[in-house]
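The listed protein sequences correspond, in order, to chains A and B.
In case it helps, full-length UniProt numbering puts the first sequence at residues 1 to 340.
In case it helps, full-length UniProt numbering puts the second sequence at residues 1 to 340.
Think of the CB as a built atom: it goes at the ideal place given N, C-alpha and C, for glycine as much as any other residue.
None of the values given here were measured: they were computed from a predicted structure.
Before any comments, here is the structure.
Protein chains: 2
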Amino acid sequence: MTLTAQHRTTILEVAREARASKTSVSRYFSEERKRLSPDMQARIAAAACHLGYRPNQMARSLKGGHSGLIGMLVADIRNPFSVAVMHGVEQACREHGLSLMVCNTDNDPAQERERLALLATYRVEGLVINAAGSPDRELQAWVEEGIPLVLLDRELSDVDAEFVGLDNAQAIDLALDHLQAQGYGDLLYLSEPTDQASPRQVRLTCFLQGVAARGLDGEVHCQPLMEHDALQRAIGDFLARSGKRHRALLCANGNATLAAIRALQTLGARLGETGLMGIDELDWCKLITPGITTLAQPTEAIGRSAVACLMALLSDSTTTTLRRHAPELIVRGSTQCPAP
Amino acid sequence: MTLTAQHRTTILEVAREARASKTSVSRYFSEERKRLSPDMQARIAAAACHLGYRPNQMARSLKGGHSGLIGMLVADIRNPFSVAVMHGVEQACREHGLSLMVCNTDNDPAQERERLALLATYRVEGLVINAAGSPDRELQAWVEEGIPLVLLDRELSDVDAEFVGLDNAQAIDLALDHLQAQGYGDLLYLSEPTDQASPRQVRLTCFLQGVAARGLDGEVHCQPLMEHDALQRAIGDFLARSGKRHRALLCANGNATLAAIRALQTLGARLGETGLMGIDELDWCKLITPGITTLAQPTEAIGRSAVACLMALLSDSTTTTLRRHAPELIVRGSTQCPAP
DNA sequence: GCTGCCTATGGAACCGTTCCCATCGTAGCT
DNA sequence: AGCTACGATGGGAACGGTTCCATAGGCAGC
């Protein structure tokens, strides 16, 4: 029966022990410490340390209105891209003295709504959103209440908020330029169904336009990656078809790249001879012989600029931060087309 | 000049609009809804909906003492293992009506202390700790204040708290049994320096004992994985040494596996002929030809049982949950020793 | 010595809830 | 009818801070 005294010391107790008023103790722990006499400061410091006092952030934000919290909605926490961006967001928050409250939604719009409501009850001061569905109605309410809001990676048409993420048009251009330069002329674009996810839509559109503009052959396969057989059949058909140009696969994201490699291995295709290139750099891309060519997203930078955006909105400043970030091309063996 | 009314509606406003008292509205939003008359309920529902009311969790926890928050300290958020466990923790929290506040510490003990203090100010009701350093003093304070605390993956000797994680001894046994059965008799164990990280220590010790018990040859390389040259030299020496038994590498975690594959590729070793096996299943393990044999940790289960543990401590119940989880052996080509 | 200002400090109201206790009406019982 | 019991509701004191305003003392200037 360990009936522990579940009691956190309060400001009043510190005040008593330090022979001061709670106002003074409060001043000590906010930014007004310098207004106190050295003697008073010493007494409070001693008392607080002795009692192990920690200000109650809940009470603090109740009166002051500042929760010190930034909320973040992540569509899929198990996606390394999301985690990397989140890492950047967290670092930037810390530098601004804010804490991050992350909610994963597992790509479920219902959970998304739910978690959004939750974040509202904690009175977060800003929101970074990587949405799965389109909770436009809910978000618009936030906007109208004046709460800063940044859309990450995925745009939402009906919400009047800033967007931060990859410059998808530039990415696809870069990819097509590279593939063409390497001698690939017949392309298969692999993506999960575009659904509501704006980057998928943008990338797909850019691919189709870019292929046409360059006079390349371009095909598209947009099916759930879990349907492994369909994917394999599509790739098999693509490779088997007659044609005189070298063939390459362009994968819309890391998951697609993973699935493509699996399929190509099953089909016995040789990477390089069949070109392969993907958006998103993952740590295993250099391990698959002969290395997978990728477009790396500047994840840290994206995360940080999301917070920068938020801070700008909070302080009403007009400093603009970079919103659409350029990818970095990492060339490896999977796009080295062997000379005929 | 959009001077938005940064004003969240309060319980009092809802009460006024519903012609009720704040007590009744409060009851409506807590678990006492059934005590209200149907008419009253309807009025409150209408008013709340109309005004877009959301209870203020800050005020709520100030009065009630229940923040509804669980804190989690993660040593390295970019480690897929950590993320997978975190996912389990989050799900379990949600099922219990709790929210998760995750703090990443980037393996930095100083940050660890800092984030721990932060979580204290938010009055989290429980703590899941995957520690980098050994903030024993701080944690012991939590324990003494009666705040439930669970150590995840990494144990701390001086803290009187529950541990949840992999059954490391069983994992190493399983690995050695498998390697021996596959005909490998000369083993190199690859790990990052054990430092404070308890699972690394345990795994290493078990390896040494297990090797001795089985009459196998066992060597160890415990250096930072970033020192790629040293690693490669060590592996090279290991492979070049004369001996009549088949050789295999056993990797202590996912990072070690990654580094080992890189080194083996550079050395031109053939997987299988040189055995390779690692703890931690990662999505690319099946992609590297001929597939990497792994011991998968039941990450979801570990995360969930961490929360279960916490809940048990919170409710003072004596139900015990599984603490040390069994790994799952996933056999692939990297441990198929070709017949001589 | 009096006024005036500035610094160090304290008192008390307030932030948005919860919860204890009081009130009121009515149904059930003797 | 009178009393109790109970169900529905409201009033007001917390919770642990912040912050406005008041006060006390010290010192310069006249």
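Item checked: Of the residues A:Ala45, A:Glu300, A:Trp284, A:Gly272, the one placed nearest Gly333 (chain A), counting alpha carbons only -> A:Gly272
Note to self: Rounded to the nearest angstrom, what separates Arg247 (chain A) and Asp217 (chain A) at their Cα positions?
What the structure shows: 9 Å
Check: Per the contact definition of three or more C-beta pairs closer than 8 Å, is the region 51-59 of chain B in contact with the region 262-281 of chain B?
Finding: no
Note to self: Taking the alpha-carbon of Asp136 (chain B) as reference, which of B:Glu32, B:Ser317, B:Glu125, B:Glu112 has the nearest alpha-carbon?
What the structure shows: B:Glu112
Next item on the list: Would you verify that the beta carbon of Arg270 (chain A) is, or is not, closer than 8 Å to some beta carbon of chain B?
Entry: no
Next item on the list: Tell me whether Leu73 (chain A) sits in a helix, a strand or coil according to DSSP, three-state version.
Entry: strand
Notebook entry, point to check: Thr4 (chain A) CB to nearest chain B CB: under 8 Å?
Noted result: Bear in mind that a pLDDT of 45 at Thr4 (chain A), under 50, signals an unreliable position, so the number given afterwards is only what the model happens to contain. It does; some Cβ of chain B falls within 8 Å.
Notebook entry, point to check: Between which two residues does the beta strand (DSSP E) harbouring Ser99 (chain A) extend?
Noted result: 99-104
Check: Given that a residue counts as buried once 16 or more other Cβ atoms are within 10 Å of its Cβ, and exposed if not, what is Leu3 (chain B)?
Finding: Legend: pLDDT at Leu3 (chain B) = 41, less than 50; position of this residue unreliable, no value from coordinates given.
Note to self: Could you check whether Gly126 (chain B) and Ile70 (chain B) sit closer than 8 Å to each other, using their CB atoms as the reference points?
What the structure shows: yes
Margin query: Does any residue of chain B have a CB that is nearer than 8 Å to the CB of Ala59 (chain A)?
Written below: yes
Next item on the list: Pull out every residue of the region 105-138 of chain A whose Cβ sits closer than 8 Å to any Cβ of chain B, in chain order.
Entry: Ala117, Leu118, Ala120, Thr121, Tyr122, Arg123
Next item on the list: Select from A:Gly97, A:Glu162, A:Gly254 the residue whose C-alpha is nearest the C-alpha of Leu128 (chain A).
Entry: Just to set this straight, residue 128 (chain A) is Val in the shown sequence, not Leu. Closest option to Val128 (chain A), Cα to Cα, is A:Glu162.
Next item on the list: For the alpha helix (DSSP H) containing Leu116 (chain A), list its first residue and its last residue.
Entry: 109-121
Margin query: Does chain B have any CB closer than 8 Å to the CB of Val102 (chain A)?
Written below: yes
Next item on the list: Could you work out which residues of chain A lie near His87 (chain B), taking near to mean beta carbons separated by less than 9 Å?
Entry: Ile77, Arg78, Asn104, Asp106
Check: What does Arg262 (chain B) reach in chain A if we use C-beta pairs closer than 9 Å?
Finding: Lys286, Leu287
Note to self: Relative to the C-alpha of Ala301 (chain A), which candidate in A:Leu287, A:Asp280, A:Arg323, A:Leu190 has its C-alpha closest?
What the structure shows: A:Arg323
Next item on the list: Compare the C-alpha of Arg8 (chain A) against each of B:Ile235, B:Trp142, B:Leu204, B:Gly215 and name the closest.
Entry: B:Trp142
Checklist line | Proximal residues to Thr257 (chain B) (C-beta, below 6 Å), its chain only, five neighbours per side dropped | finding: Cys251, Gly278
Next item on the list: State yes or no: is the C-beta of Met72 (chain A) within less than 8 Å of the C-beta of Cys103 (chain A)?
Entry: yes
Checklist line | Span of the alpha helix (DSSP H), counted from its first residue to its last, around Ser26 (chain A) | finding: 22-29
Note to self: Taking the alpha-carbon of Leu98 (chain A) as reference, which of B:Arg27, B:Gln170, B:Leu276, B:Tyr122 has the nearest alpha-carbon?
What the structure shows: B:Tyr122
Check: By how many angstroms is the C-alpha of Thr319 (chain B) removed from the C-alpha of Asn311 (chain B)?
Finding: Looking at the sequence itself, residue 311 (chain B) is Met, so the reference to Asn does not match. The alpha-carbon atoms of Met311 (chain B) and Thr319 (chain B) are separated by roughly 10 Å.
Next item on the list: Quick one: residues in its chain with C-beta nearer than 7 Å to the C-beta of Ser30 (chain A), no 5 flanking neighbours on either side, listed in chain order?
Entry: none
Notebook entry, point to check: Between Met254 (chain A) and His87 (chain A), is the Cβ-Cβ spacing less than 8 Å?
Noted result: The sequence shown places Gly at residue 254 (chain A), rather than the Met named in the question. It is not a contact, given that the beta carbons lie outside the stated cut-off.
Notebook entry, point to check: What in chain B is Cβ-close to Gln52 (chain A), meaning under 9 Å?
Noted result: Per the sequence shown, residue 52 (chain A) should be read as Gly rather than Gln. Ala141, Glu145, listed in chain order.
Notebook entry, point to check: For residue 343 (chain B), does the three-state DSSP call read helix, strand or coil?
Noted result: The question about residue 343 (chain B) has no answer, for chain B in this structure spans 1 to 340.
Check: Hey, is Ala301 (chain B)'s beta-carbon within less than 8 Å of any beta-carbon in chain A?
Finding: no
Check: Of all the options B:Phe207, B:Pro290, B:Gly210, B:Val307, which has the alpha carbon lying nearest to the alpha carbon of Pro338 (chain B)?
Finding: B:Pro290
Next item on the list: Name, please, each residue of chain A whose Cβ falls closer than 9 Å to the Cβ of Pro224 (chain B).
Entry: Those within 9 Å of Pro224 (chain B) in chain A number zero; the least Cβ separation is about 16 Å.
Note to self: Determine, for His325 (chain B), whether the minimum Cβ-Cβ distance to residues of chain A falls below 8 Å.
What the structure shows: no
Check: Could you give the distance in angstroms between the alpha-carbon of Ala212 (chain B) and the alpha-carbon of Glu227 (chain B)?
Finding: 28 Å
Margin query: Rounded to whole angstroms, what is the Cα-Cα separation between Ala84 (chain B) and Thr299 (chain B)?
Written below: 6 Å
Check: By a C-beta neighbour count over all protein chains shown, 10 Å radius and 16 as the cutoff for buried, is Val331 (chain A) buried or exposed?
Finding: exposed
Next item on the list: Say whether chain A places a C-beta atom closer than 8 Å to the C-beta of Gly333 (chain B).
Entry: no
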